[in-house]
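Let me begin by presenting the structure, written as structure tokens, before commenting on it.
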Amino acid sequence: MRKVRYEEMRPDELVAAREQAPLVYFPIGSLEYHGFHLPFGFDTIHAYELCLQAVQQTGGVVLPPTYWGTEGHIGWPGSLLLSNGTIAGIVGDVLSQLDQQNFKLIVICTGHYPRVQGLLIQGIADRYMDRHPASRIILLDPFNLHPTDPRSEHAGIIETSAMLHMRPELVDMAQLDRPDALEAISGDCVDATVEYGQTRFETVLSEMVRTVKDELEALSCGTDKPSK
Ligand SMILES: [Zn+2]
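If you want it as structure tokens, here you go:
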């Protein structure tokens with residue numbers, strides 16, 4: 002399998018990957034309470050896994066995942082959520098440096114809902130594209146990517162099933178027996194299954210790959226953003 006993780010590459014490998022596809026994935030999530038049965042880093046692990054799988058089909062490279070995110074379940078066990086300004090700074094700084102690396106398409110994948118993180122990043126991306134018309138940034142998230150069931154939730158059946166599929170060793174369903182287990186999360190987590198997680202993950206992944214390939218195609222043709 003070819004090397005896709007940015008942090009493992011040497012300059013010659015980065016050039017080769019970029020010549021194959023001028024595309025970089027930027028996975029971002031959060032460290033946030035996701036119930037007692039899921040790990041704090043769920044959102045980032047989710048986004049990162051999608052990027053690592055998508056890049057195998059689209060070419061390009063994947064940046065190291067960012068676990069710092071903003072807003073959400075502040076004050077709940079384990080949450081470490083930073084201010085909007087800090088997250089805007091991280092994203093803006095990374096984008097401005099990427100500009101010197103000659104990537105044409107930057108795919109930011111945020112696994113963290115609330116919507117405020119996505120809106121914040123979209124605003125930064127829009128301003129960046131105004132200043133750098135040759136670059137294109139698209140913002141994807143695992144919730145809205147689903148073509149027929151684009152809904153968000155918190156640590157419910159979707160996220161719990163996804164983790165059972167991706168990293169089952171990080172899930173402890175027995176924690177859902179606690180009397181406070183369903184506080185501040187979606188109660189349908191109790192119905193999570195590996196099968197649902199796999200099906201949904203693969204559906205979202207194929208939509209992500211299709212979207213990114215369409216964008217690459219449009220860039221190579223010099224046309225505007227493809228309509229969905
Ligand atoms: Zn989440």
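Here the sequence shown is numbered in the numbering used here, starting from 2 and rising by one per residue.
Built from N, CA and C at the ideal position, the CB exists for glycine as well.
Using a Cβ distance threshold of 9 angstroms, GLY93 and LEU83 do not count as a contacting pair. For LEU83, DSSP records a beta bridge to THR71.
Closer than 8 angstroms to some heavy atom of ligand 1: that describes the Cβ of PHE43. In terms of Cβ geometry, PHE37 and ASP181 form a close pair [threshold 9 angstroms]. In the DSSP assignment, THR111 falls within the beta strand (DSSP E) that extends over 106–111. A Cβ-Cβ separation of about 18 angstroms leaves ASP150 out of contact with CYS110 under the 8 angstroms criterion. LEU51: member of the alpha helix (DSSP H) spanning 43–59, first to last residue.
The three-state secondary structure of TYR34, taken from DSSP, is coil. With a cut-off of 8 angstroms, the C-beta of GLU160 is classified as near ligand 1, since at least one heavy atom of the ligand falls inside that distance. Residue side-chain check: GLU33 places its Cβ nearer than 8 angstroms to a non-hydrogen atom of ligand 1.
Distance from the CA of HIS133 to the CA of LEU106, rounded to the nearest whole angstrom, comes to 12 angstroms. The Cβ atoms of GLY119 and HIS166 do not sit closer than 9 angstroms to each other.
Remark: the C-beta of TYR68 is outside contact range of ligand 1, defined as less than 8 angstroms to any heavy atom. Between GLY61 and ARG6, the CB-CB gap reaches or exceeds 9 angstroms.
Between ligand 1 and the CB of ALA126, the shortest heavy atom gap is not smaller than 8 angstroms.
Out of GLU154, CYS222 and THR194, the CA that lies nearest to the CA of LEU183 is found in GLU154.
In the DSSP secondary-structure assignment, LEU24 is bridged to LEU106. CA-to-CA, the gap between LEU15 and GLU33 works out to about 32 angstroms.
Distances taken from the Cβ of HIS147 to the heavy atoms of ligand 1 include none shorter than 8 angstroms.
Taking a C-beta distance under 9 angstroms as the contact criterion, LEU220 and THR59 do not qualify as a contact pair. Between the region 168–178 and the region 199–208, the count of C-beta pairs closer than 8 angstroms stays below three; the two stretches do not touch.
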